[in-house]
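Report on the following structure.
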Amino acid sequence: MTKNPEDYTSKDLATDQDVRWCPGCGDYSILKQMQGTLAEAGVAVEDTVFVSGIGCSSRFPYYMNTYGIHSIHGRATAMASGLKAARQDLSVWVITGDGDSLSIGGNHLIHLLRRNFDVNVVLFNNEIYGLTKGQYSPTSPKGQVTKSTPMGSLDHPFNPGALVMGAGSTFVARSMDRDPKHMREILKAASDHKGTSFIEVYQNCHVFNDGAFGVYTDKDSKAMTTIFLKDGEPLVFAGEEKGIRLNGMKPELVSLSDYSKEDLWIHDSSDRYKALMLTEFFDDQSKEDALPRPFGIIYQEDRFRYEEAMQDQIDKAVEVKGEGDLDALIRGGHTWSV
Amino acid sequence: MTKNPEDYTSKDLATDQDVRWCPGCGDYSILKQMQGTLAEAGVAVEDTVFVSGIGCSSRFPYYMNTYGIHSIHGRATAMASGLKAARQDLSVWVITGDGDSLSIGGNHLIHLLRRNFDVNVVLFNNEIYGLTKGQYSPTSPKGQVTKSTPMGSLDHPFNPGALVMGAGSTFVARSMDRDPKHMREILKAASDHKGTSFIEVYQNCHVFNDGAFGVYTDKDSKAMTTIFLKDGEPLVFAGEEKGIRLNGMKPELVSLSDYSKEDLWIHDSSDRYKALMLTEFFDDQSKEDALPRPFGIIYQEDRFRYEEAMQDQIDKAVEVKGEGDLDALIRGGHTWSV
Amino acid sequence: MTKTTEKKRDVVILFAGDSGDGMQLTGSLFSNTSAEYGNDISTFPNFPAEIRAPQGTVAGVSGFKLQFASVDIFTAGDEVDVLVSMNAAALKANLSQLKRGGTIIANTSGFDKKNLRLAKYGDAESPLLDDSLEEYRVIEIDISKMTKEALVDSGLGAKEIERCKNMFVLGFLYWMYNRKLENTEVFIKNKFAKKQQIMDANIKALKAGYYFGDTNETFTSRYEVESASLPEGEYRSIMGNQATALGLIVAAKKAGLDLFYGSYPITPASDILHELARHKNYGVKTFQAEDEIAAVCASIGASFGGAFGVTASSGPGIALKAEAIGLAIMFELPLLVINVQRGGPSTGLPTKTEQSDLMQAIYGRNGEAPMVVIAPHSPSDCFDTIIEAARISIEHMVPVMFLSDGYIANGSEPWKFPSADDIAAIKPKWADSEKSMTDRGYLPYKRDEKLVREWAIPGMKELQHRIGGLEKDDETGNVSYDPENHEKMVKIRQQKVDIVADFVPEIEIEQGEDSGKLLVLGWGSTYGAIMTAVRELIAEGKPVSHAHIRYLNPFPKNLGDVLDRFDKVLIPEINDRQLVHIINSKFLKGALPLSKIQGMPITSKEIREKILETLNES
Amino acid sequence: MTKTTEKKRDVVILFAGDSGDGMQLTGSLFSNTSAEYGNDISTFPNFPAEIRAPQGTVAGVSGFKLQFASVDIFTAGDEVDVLVSMNAAALKANLSQLKRGGTIIANTSGFDKKNLRLAKYGDAESPLLDDSLEEYRVIEIDISKMTKEALVDSGLGAKEIERCKNMFVLGFLYWMYNRKLENTEVFIKNKFAKKQQIMDANIKALKAGYYFGDTNETFTSRYEVESASLPEGEYRSIMGNQATALGLIVAAKKAGLDLFYGSYPITPASDILHELARHKNYGVKTFQAEDEIAAVCASIGASFGGAFGVTASSGPGIALKAEAIGLAIMFELPLLVINVQRGGPSTGLPTKTEQSDLMQAIYGRNGEAPMVVIAPHSPSDCFDTIIEAARISIEHMVPVMFLSDGYIANGSEPWKFPSADDIAAIKPKWADSEKSMTDRGYLPYKRDEKLVREWAIPGMKELQHRIGGLEKDDETGNVSYDPENHEKMVKIRQQKVDIVADFVPEIEIEQGEDSGKLLVLGWGSTYGAIMTAVRELIAEGKPVSHAHIRYLNPFPKNLGDVLDRFDKVLIPEINDRQLVHIINSKFLKGALPLSKIQGMPITSKEIREKILETLNES
Ligand SMILES: Cc1ncc(C[n+]2csc(CCOP(=O)(O)OP(=O)(O)O)c2C)c(N)n1
Ligand SMILES: Cc1ncc(C[n+]2csc(CCOP(=O)(O)OP(=O)(O)O)c2C)c(N)n1
Ligand code: SF4
Ligand code: SF4
Ligand SMILES: [Mg+2]
Ligand SMILES: [Mg+2]
């Protein structure tokens, strides 16, 4: 019996497959929030497609009772582009890891973003290659000791927010596995955004990189290291004790005992310059005076979608030349008889 | 007879191969400036390697009397990474096109930049695929009519400066084929920079995209559309009649009859926020109030080079464990006798 | 002085000049007129590798070869009867192709000092002046000057006038071969509809060339090639890539599917993209991807969504697609991969033709990843063959590789085109929300007797399922690490390909007896040359036959039988014995190779000689 | 009650449990002790596909099989003598491998309701309680409980104590096979040097297991496997990937080159990267690239710079490297490409073994792009073979593909390692600024009689040159579109590969007569199983011989002759007849296949049966 999307519960989004992540893996939480979000989204399960690459995170589609593609390493974004171009009517989600999307799949990601297909990309960033058992990834901090870097990694890591801003992303957000409520909000906003939504989720790999985001997720440190962005609201954190203000072109960490909220930077996700600056809040939190890490919607812009522009051209061609006639096509312009 | 690098003239940098670009192609000018720059750089021709991908621009190495690799489409940056890792002592240049480096080769480019190998990347941007006879490229403006897009291209183009800033580039500059003097300055600065230098050169494809950069290179319009950056100097253009000032977080186009130079934005290529903003000067020049396009060194930063860090680890390993002994290696930790 | 007219059965003309000289256009126009005249024609353009190599050099020479005849022909000809040389380099590059006693039409202003030097002729030694061309008939015309004179009042600048000189040559050749100018005049008028001056100038130059032949005393002989006895019907001229593009559109419509074409430009495949992009009013979606991997993946994504996903490239790009093609084989979805082969390996000879990607097509993937491989044998045959490829891919839910090559892609020939109604419908095996449901839920990998699974696409209620590149459990499609299941699935994927042989025609002998001493077995673009050589030899009473393989994987069911009926099998290929290896492996046959790996088609003469040699040996 | 000790020639133990149960470590420790004891050993780990599949399920079972013997052996054995089952799923997954009458050691607490359900046994029907295990000897021990009891005073938490249960089992097996604990104690002491409590607990659990066997009345029989008569010498235990890594370091040093290893992680090749990264003090440069294409390109770049460029991957990654390998073939530079094969196609069965990338290795590139292909046949043989591969690549200036597989890569065996001095130097053919100069300047593609060009690298004065993927003029290396030159170069690249056959050993018969009824021809990891089967049958007087191909392209020069000396040739492969196809194509031989495509090694039993069947047919 087909259920009405309005009547979905989380369960309707789940499959009968055993979920095979390690106990303690952050992926579970994301799965749960996704199922919850989609249960409320009002889109039929048969009109939804999850596309992933290869990695622990990329197992995700098997657990969603929608259509799904578990593709090859790094290519989910490319595959989703074709799918969306062919089928504007579908709700398309891309699930990917930091290796899948930023290492082997980096190129397809940035091209998807500039083309602005209306798909939602959820990047599970655990700063490690989980599935291949623990090599460093393009987001691993320099010096990280992993199987492939016993003396510490040598790569300056990507700042994913900065990279996708540079690539022309129209929706940039960050969330974390340990904050289900926030994650749900963000997933919802991404699903509502028309154009490519890019969501980076800090996800704990319990086995190979446990605690990589501890400073942001642990109760003790979270207040001081994270700032949750809300449009129209000032950048305050640390239990309203601290804030960020703009001193000319420089963000400045201030105490709310010295400044009032009105003096602070007011978040405006439509302001490109500010968004660029926010993605630069990327300090190592052990640094004195580190700026807190922003979570929430950093940037959002409305720009034409590739698939719509593509359909427009087709419609226009039909309008101008008329619906194509096969015999005319085969004959071409010039014929002769024998 | 081997010549002393100090005694080089441009001719010493040229090969006996016929140069095979179309008459009128902007590539000739870049070649000439490169030969001139290297003649003065004091580096021996045998210690210099040019690496390219595939494209008209990628024919470049054949015309440089250095070592050279004409590789495969999009992979010059990857090839140069290995070469530089293996041979720190060499001066390595990458020559690439907008298709070669931003379409098929996009991923290797951004990874090269974050790793900051000490190589110089010169991107010949002609906003078209030249060698394959005229399809649009990732830098072609939306709506461009080309062989593959008879109704106009649908892709929102990359802003190369923004993309490479987002990827963690440590040297970002822009120049043009029609300004030999400026190009020479920039090539020289790139060659001096330690780390990956990224230089975008606006290059005219005479055959398939003639005049794409006309507004920037033509005498008539150039003054109003271009701004030449110099560290420590204010952003003035239009024959010192106009300038850019910072109004809070927003760049503002002002007339020097209203403002003095002291009020203007002073260029500081070490300021990351300003550089991010400068790369956003990417307006279509037909727009009213378009910001002029910046040329020169937009951003420069000193960051560790991958190949040096790699060598440091080797040196450290030798220091700690001693130079490797083959017999010890083969025996391993645990043996027994029969 | 009366001019004589001599009848000829067939003539091969090679228009050669600098890339800027417009030889491609000149050649096409001559072909069109000849076709219209009822000749059978076959053309072969030969571009320089550079966009515009330095003017006047051998590297910069662009050529267009065409054969037209009063009998049916299959190639653009081996030896050239008339070589048009717009400059010294054009002569130098092509003289070796000219028949003994053939005609050279030389543009004398292209043989000045500068041009001679650029063509690397010895110091100021012009071949027009020494006796090196003794064996040929040389017609010297200062084409540049004549054109200039003709257009002195045209109002055009020197450069524009210079550009009309190809029309002068064309006019002259029309005179030589007794052709009317009409057809070309119409073309010029359409092309320059908005540029009256240029239109007029081109027509004037064309006529000037014609009249020059007509009036000039030196030229005493004209030729006539009568119309061929082609089957009656309506014809058009078609190039291989064009036929491929049209076939794709037709196949998609015949299947009721949207065509999605994901591709990354590469010579010589790009023209398919260009052609398709012009037909958006047929609902065609073309996607120029960021690279070949993205192109094939986007096409797979589109197929998953229920479109007909097609991707194309040439050798290097096909290499990049290999991993994703493997995935499509696991998915068991329709996917058409077009390889317009060019000279390899690596970047190789991008503007030259070769058949050297056959092994790659059949074996070039990791694991046991069999796919259907099919090759057209002439420009117009691309149309039928691509529709066949589409039919197999869609009806059997398998990826198919279509192996064209540069020769076919850029060559053209008259085509007695079909009407759309004559083309059979293609029937996707759609799943159905109700009928496809089983007690065990929906089973995406359940198969029919052809081993074909159903195509369930997003939007179909209740049929949600997930597919991936990991090994799948039979029927459910769930990930399975079960050893026996793996073996079963590997074999099923192989059988799915093998079974296609039950649904395609058996191979037939094209010419010659059904059994005998020697079978010449070809595939792809060698068709014309083999046809020509074998036809001649049969006429001479030699015991030789010809068969041509369109279905390279799986082979036609009767191929082994056919081979067994001949003492010897000779396989001409533009590669290093690739089909020979496969035939020998499958049939333990000891087939003989005729390999030519020069970036050029094998000529019928070469095939003829090899056949004779082989017959003599036995 | 006295305990009896029974002598055994060989024993196969399979340690199986949940991925968290530490079975891999347990197995390795038992192997090391047995090796030290003088047994020949062979091991084969079998990981679950997931990092940590749900506990208690069949998908989560991790196994480690080892054979140890008093004779020399070549595989980890077919049928298992002792199956250690830490839980119900472990039993379920592996019971089919257990010999009739074999022993099951079952951890009873792993057979509780929850575990039975997770293992998908019928409702609460425990195999330990019904009579389904009648045919076997079942030893039930509540290992968890015993361990807990032994460690009650250890000061450790419940979880940590639970983790020691593998040591209890190990101790028990040491008792069963009459082994000393010493070796393992030393290991534990080193491993937990800084965690005294854990060290003590592990040793205690180990001893508890031993004493449990020693004192418990139920266990009356012990077994003894005497030391094998291996050749005298010093031995170590080595895994295939490890041997590969060490061989690379040695080869580079022997050639006087820096080793540059560019790679992207992929199962089962990653461990080579991990191993190499540990040896930076040997000057090894490891580069984890952004993808496989970057990895191979970086390695080519390094080779151009004068380093020894090596890259590795498994099937899907090798597919991605194909285009760049073609370039390296054009460059004629040293490049070693390692493929540690796994189950395919596509992502396939990443943690399982297969030999299905042979065709890809030989044919998987566009154009005529021949390369040398070479395969090791056992873990320790990786060392010799990779050095051979390096030698060919460096001395012949050709890319070489090294085809290992998951079975070899993760398997281990005792290795009578050589001394570094015994390994011959590798001699790069360096160019020289003065000697290499000619009248026509420097000619980078000038060749010697082996067709090898010199290696001129940046920094060498006067030898600047530029190379690319476009076809090259013979000698100068400049871009050339000349048709005949292309054919010449295609043939030279083929001959360069063919000529390697002159510099490698001819193939020898491993066992059996030099001619006769049946030759079993193998390649790669089937070696051990074939050796075992053929040895047995020869002992039984059957007319069968064994030869093993290390050099797959080019084949050893005498291979055709060897094949001709046998009536029949049987080729066992873990793929669908790939070598069979090549052999049949080259030698028109009609070789017989024995294919097993289950992601698992072929067993000697399967080979034995096929041999008997084949002999009976004749
Ligand atoms: C072409 C190819 N290269 C490499 C691999 C091996 N591989 C699988 S997943 C993976 C990286 C996983 O890391 P990430 O994307 O961060 O996902 P995670 O497992 O951390 O969720 C790699 C290297 C592969 N499957 N295919
Ligand atoms: C793998 C592969 N794909 C495609 C091509 C075809 N190709 C060659 S150059 C090129 C693009 C050229 O554009 P660009 O990089 O901008 O260089 P330009 O010619 O404009 O200088 C393409 C698509 C190729 N050679 N190899
Ligand atoms: S390895 Fe890490 S990312 Fe993968 S399932 Fe386990 S905890 Fe999660
Ligand atoms: S096609 Fe364009 S880019 Fe290429 S050589 Fe000609 S003018 Fe230059
Ligand atoms: Mg990850
Ligand atoms: Mg370009």
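Protein chains in written order, with numbering that gives the first Met the number 0: chain A, 0 to 337; chain B, 0 to 337; chain C, 0 to 617; chain D, 0 to 617.
For each residue, glycine too, the CB sits at the ideal point set by N, CA and C.
At a cut-off of 8 Å, the beta-carbon of residue 296 of chain D does not count as near ligand 2: no heavy atom of the ligand is closer than that. Look at the beta carbons and you see the region 41-61 of chain D touching the region 20-27 of chain A: at least three pairs across the two are nearer than 8 Å.
Contact annotation for residue 245 of chain B against chain A: 248 [CB-CB distance below 7 Å, chain order].
Ligand 5 never approaches residue 21 of chain A closely enough for any of its heavy atoms to be under 8 Å from the residue's Cβ.
Here the distance from the Cβ of residue 425 of chain D to the nearest heavy atom of ligand 5 is not below 8 Å.
One finds 334, 335, 336 and 337 in chain B with Cβ atoms closer than 9 Å to the Cβ of residue 234 of chain D, taken in chain order. Around residue 289 of chain D, the beta-carbon contacts reaching into chain A at under 9 Å are 101, 102, 103, 105 and 137.
In the DSSP annotation of this structure, the continuous segment of the alpha helix (DSSP H) that includes residue 29 of chain B starts and ends at 26-40. Residue 275 of chain A is not a Cβ neighbour of residue 458 of chain C, given a cutoff of 9 Å. Comparing alpha carbon positions, the residue from A:145, A:94 and A:174 closest to residue 73 of chain A is A:94.
Taking all protein chains shown into account, residue 365 of chain C has 16 or more neighbouring C-beta atoms within 10 Å of its C-beta and is therefore buried.
The beta carbon of residue 279 of chain A sits closer than 7 Å to those of 161, all from its chain and outside the five residues before and after it, given in chain order.
Taken in chain order, the complete alpha helix (DSSP H) segments of 4 residues or longer contained in the region 174-226 of chain B are 179-191, 213-216 and 218-224. Only residues of its own chain outside the window of five on either side were considered, and among them 382 have a CB closer than 7 Å to the CB of residue 245 of chain C, listed in chain order.
In the structure shown, residue 548 of chain D adopts extended strand secondary structure according to DSSP, grouped into three states. Leaving aside the five residues that flank residue 596 of chain C on each side, the residues in its chain whose CB is nearer than 8 Å to its CB run, in chain order, 353, 355, 573, 574 and 575. Judged by their CB atoms, residue 142 of chain C and residue 164 of chain C are nearer to each other than the 9 Å cut-off. A direct Cα-to-Cα measurement between residue 496 of chain C and residue 179 of chain B gives close to 60 Å. Residue state for residue 203 of chain D is assigned as helix, using DSSP reduced to three classes. Placement of the Cβ of residue 126 of chain A at a distance of less than 8 Å from at least one heavy atom of ligand 5 is found. The shortest CA-to-CA distance from residue 508 of chain D to any of D:555, D:613 and D:494 is the one to D:555.
Residue 527 of chain D is a Cβ neighbour of residue 41 of chain D, given a cutoff of 9 Å.
The continuous alpha helix (DSSP H) containing residue 605 of chain D extends over residues 603-616.
Under a 10 Å Cβ-count criterion, residue 504 of chain D is classified as exposed, with fewer than 16 other Cβ atoms of the shown protein chains found around its own Cβ.
No heavy atom of ligand 4 is found nearer than 8 Å to the CB of residue 212 of chain B. Apart from the 5 residues on each side of it in sequence, residue 268 of chain D sits with its Cβ closer than 6 Å to the Cβ of 311, 312, 313 and 339 in its chain, given in chain order. In this structure, residue 204 of chain A has its beta carbon less than 8 Å from a heavy atom of ligand 5.
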